[in-house]
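Chains as they are written, first to last, in this note's numbering: chain A, 1 to 480; chain B, 1001 to 1485; chain C, 2001 to 2089. We treat Cβ as the ideally placed atom computed from N, Cα and C, and that holds for glycine. In this text the structure is predicted, and so the values were computed from the model without any measurement. Right, one structure below, let's go through it.
Below you can see the structure in the form of structure tokens.
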């Protein structure tokens, strides 16, 4: 609820698929290369050139369909969406209209600890358009780079099931982590790998749904939040002032932080969809559909539930690990060894590891940490060979260097002294040298214990097992 | 007999036996072009220099004992909507007046591999939209048999060039009759192959679901030879059929014994000229004499085929021709003050009236609120027409009908009346709608000495049976008649 | 059925001169009248499952064409890009 209004949000999310070649030609599908260098007569829309459909695009879209619990239309077709624009060489986009590859699914998202189910209307395959370059230096012209033409896209259309910008953000983040888990999109937001159009309406509780506006050009998740919040308030302002909402297409300007009208319903484009005659029916074998389902890994939302339920991780920590493919894999690999409690790993992942990755901007794969050396390290701490502080020293090394953890214990002189005889000897010496503190303790100043243990640690040059040291000192003080 | 007058299969043997060289043959054809082209106007672009170069290379290869295809060294003309790398491809439109494709159509790659000599690019109705070659931006082509008459269209240049012996054989394209109808008017043989038999990659699209490239020649055997060279599955065309393609010319047999020929009554009704009807029925009688069994059949939805054809073809055309926007290639208007202004002026100046008419008709039938009533209905009718053919082919092997209701009309006679022009396609469009193969073979003349064509229609991928039937007729009663030029 | 030629022309990105509108309208009207004689068919089209499309293997091929070759037909080129009148952003 915002200012007494219910908010209704639906999202159309476009994700670029990370195939080798484009959707309808064998040009390389790669971002950031020299302008108009990844084009051919087909993606340039030369007269007489014809499309051929990339099979991996179909596979990837079906995988996403499975991940979002959709029905897979293994018999479907493609259609032409006709409109003129310089970034669209054929003046039509090959897309899917009536029969999408996947439809009627859902995805569960977590918002503030609550599970919410968002309906997925459909997922269809289509081609991306090129890019227009603008500059004051271009003498009133725009330049056209067609490299992106024909980059494969899936469009994921949600039901209008979201009720706040926070839910929209959680939905988008869930989609992103699923795309990453499936390894079908590189999810580089700054390169426009995921973009969305946002449909927003507001209404008073108990009243019918309001008129919706569609907002385009939303290129990041934070922009989605800002755009939705702006649009919700804009619509409420209009309604509060006795106005009515126009059904229109608006464009989000993230720099100015406002949406502006692009076109009203009256000049809505007439896309004149009709079946693409250059392509035949897509018929995917039943076995292929099933095999693709079998390839779907455990998805992040399922992982979160498992971490919380089986390992008692707090939801926030579980989410943090599960939403990163790399962290979750490391975590799961460690747990698979079934040696030490989950929390003895999660503290490292969420602590020193994330801190390092954030500070350096590196990926986990850039470090030398793996399930084997992390398990060894955790083991050394668990069996008290080294202290936590010693563990941190070793961790800092194995982040950067492929060194043997056990050798590092020696190299760094981190082995704890757990020999009772040796520890008792240190205790006797320290107690003898600090008679005043012993008396203080006897007189009820219990914090003298900490001082005495500290002195023992100092005397051992930090190598004494602190737990054992404390135990011995306590015992001896009782005996005196 | 001059070399240019001869059939491709004869020339192929003469080349193989080294009686002639390809250079001699090519020169002979260009001499013919030089002497009659200003009367016929079949070509948009001539390719003489490259043609002679290719001919020399082929002769050299032959001298070196390399094994060559049957078409090696044969001069062939190409309709100007088939992309030829490095050779201007205009579609007879101002829009593409200076367009030089950076790639070859698949059929051109195949023909180049076969070693043919490309004489040049042949005139056509603009973007293949028309039935007379009068909508060409450059010039109308004349019928070699009567220079004041149209050669038919849209492959008018392809048919006229072969009839005038300005090319030994040629390639055309057929969306609603554009190979068969001009072949009929010009007294030559034209084959519209089964949809999917010949790759469309590189054919500038008019109506993607109906377009097919096919050969035109002076005789059935030539047509069979060229068809065998260009057909086959192409991975660049998703609509091309994956199947085995046999050698049509090697398997050609003049044998119709027991062949069941159907005569659809709807193709002999009102609007069909009596002389045309008589010629066609005489041809069928000749086949009957040779052992074919003839029976009357009915294809009741034929009456609606023309409407369905104009809806489907125009809808697809409106989308296919949207890419001509003055951005990546082709004509761009001189002065404009905005993007939309540039688009509208470019397209209005670059396209002729017939093209505009079809684009607008196609836009209309696809537009919001009209789709179901027009395009949707036409697609349903298309299926019904296919079903009627399917059931007919349970009892017969080949359908015989006129190719065109009349013989060639005078230049300018119908150009102002689109409906009258469209009506000339009435016997041919059903074949495209159903994706079937059909051949038009000359079957005599009317009283004005204008050629009449017999159209033979077969079930999908029965090109061999069609060509055999045409061959049987041609051998005994038909054949090419040299026009007096 | 009245056809709004101006609207259709706009959708088609064509500009029809005023003195030609009437002619186009009449011709289009005649064509549409012919086309309207189509019978109603109470049925639906189903997808042709028996004629499935062969899909392309996902292999990228580079250096098939130079940019120069592909742009050689373009009316206006600048800095390796096609040039169009400024699009409203």
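Tell me the rounded alpha-carbon separation between residue i and residue j.
i, j, result
"residue 185 of chain A", "residue 132 of chain A", "23 Å"
"residue 411 of chain A", "residue 386 of chain A", "13 Å"
"residue 15 of chain A", "residue 152 of chain A", "8 Å"
"residue 130 of chain A", "residue 215 of chain A", "20 Å"
"residue 240 of chain A", "residue 159 of chain A", "27 Å"
"residue 1234 of chain B", "residue 1205 of chain B", "16 Å"
"residue 1187 of chain B", "residue 85 of chain A", "46 Å"
"residue 37 of chain A", "residue 2012 of chain C", "30 Å"
"residue 229 of chain A", "residue 255 of chain A", "15 Å"
"residue 467 of chain A", "residue 318 of chain A", "30 Å"
"residue 163 of chain A", "residue 170 of chain A", "11 Å"
"residue 146 of chain A", "residue 187 of chain A", "21 Å"
"residue 1330 of chain B", "residue 17 of chain A", "33 Å"
"residue 2093 of chain C", "residue 320 of chain A", "Here chain C has residues from 2001 to 2089 only, and residue 2093 of chain C is not among them."
"residue 1284 of chain B", "residue 87 of chain A", "56 Å"
"residue 5 of chain A", "residue 204 of chain A", "5 Å"
"residue 1397 of chain B", "residue 1224 of chain B", "19 Å"
"residue 2035 of chain C", "residue 1305 of chain B", "10 Å"
"residue 54 of chain A", "residue 21 of chain A", "8 Å"
"residue 1453 of chain B", "residue 1280 of chain B", "7 Å"
"residue 1317 of chain B", "residue 1362 of chain B", "7 Å"
"residue 440 of chain A", "residue 448 of chain A", "7 Å"
Can you tell which of the options has its C-alpha closest to the C-alpha of residue i?
i, options, result
"residue 115 of chain A", "A:201, A:86, A:96, A:167", "A:167"
"residue 1258 of chain B", "B:1282, B:1241, B:1295", "B:1295"
"residue 1211 of chain B", "B:1085, B:1476, B:1474, B:1430", "B:1430"
"residue 1108 of chain B", "B:1146, B:1081, B:1124, B:1044", "B:1081"
"residue 1040 of chain B", "B:1126, B:1148, B:1048, B:1096", "B:1148"
"residue 197 of chain A", "A:210, A:111, A:293, A:13", "A:13"
"residue 176 of chain A", "A:134, A:138, A:323", "A:323"
"residue 1341 of chain B", "B:1353, B:1327, B:1448, B:1189", "B:1327"
"residue 33 of chain A", "A:45, A:148, A:95", "A:148"
"residue 1440 of chain B", "B:1079, B:1447, B:1465, B:1402", "B:1402"
Leaving out the 5 sequence neighbours to the left and right, which residues in its chain are closer than 7 Å to residue i when beta-carbon positions are compared?
i, result
"residue 401 of chain A", "368"
"residue 272 of chain A", "82"
"residue 397 of chain A", "403, 408"
"residue 313 of chain A", "307, 342, 346"
"residue 249 of chain A", "214, 216, 262, 263"
"residue 1175 of chain B", "1128, 1206, 1207, 1210, 1211, 1313, 1432"
"residue 1472 of chain B", "1254, 1255, 1256, 1287, 1290"
"residue 1101 of chain B", "1083, 1084, 1085, 1089"
Using 8 Å for Cβ pairs, my map puts residue i next to residue j. What's the rounded Cβ distance?
i, j, result
"residue 1310 of chain B", "residue 1422 of chain B", "6 Å"
"residue 1209 of chain B", "residue 47 of chain A", "That pair is no contact at about 17 Å."
"residue 1300 of chain B", "residue 1388 of chain B", "7 Å"
"residue 1161 of chain B", "residue 1073 of chain B", "Wrong, their Cβ atoms sit about 18 Å apart, outside the cutoff."
"residue 1321 of chain B", "residue 1359 of chain B", "6 Å"
"residue 1252 of chain B", "residue 1467 of chain B", "6 Å"
"residue 1182 of chain B", "residue 1202 of chain B", "About 21 Å separates the two Cβ atoms, so there is no contact after all."
Taking 6 Å as the limit between beta carbons, can you name the residues of its chain near residue i, skipping five residues before and five after?
i, result
"residue 40 of chain A", "25, 27"
"residue 1071 of chain B", "1114, 1116, 1229"
"residue 480 of chain A", "none"
"residue 156 of chain A", "13, 123"
"residue 1458 of chain B", "1398, 1437, 1465, 1466"
Output, in chain order, the set of chain F residues within a Cβ distance shorter than 9 Å of residue i.
i, result
"residue 1310 of chain B", "Included in the structure are the protein chains A, B and C, with no chain F among them."
Using a Cβ-Cβ cutoff of less than 8 Å, which residues in the same chain neighbour residue i once the five nearest sequence positions on both sides are dropped?
i, result
"residue 1059 of chain B", "1021, 1022, 1023, 1073"
"residue 1410 of chain B", "1148, 1149, 1150"
Exercise. Which runs of the beta strand (DSSP E) spanning at least 3 residues fall entirely within the stretch 1407–1446 of chain B, listed in chain order?
Worked result: 1438–1445
Exercise. Which full runs of the alpha helix (DSSP H) of 4+ residues lie inside the stretch 81–161 of chain A, going along the chain?
Worked result: none
For this session: Within the stretch 345–376 of chain A, note down every full alpha helix (DSSP H) run reaching 4 residues or more, in order along the chain.
Result: 354–360
For this session: Ignoring anything shorter than 3 residues or poking outside the stretch 1322–1410 of chain B, list the beta strand (DSSP E) runs there in chain order.
Result: 1398–1402
Exercise. Unbroken beta strand (DSSP E) runs of length 3 or more, entirely within the stretch 1197–1232 of chain B: which are they?
Worked result: 1212–1217
Exercise. Going along the chain, which unbroken runs of the alpha helix (DSSP H) with 4 or more residues stay wholly within the stretch 1098–1176 of chain B?
Worked result: 1106–1114, 1156–1163
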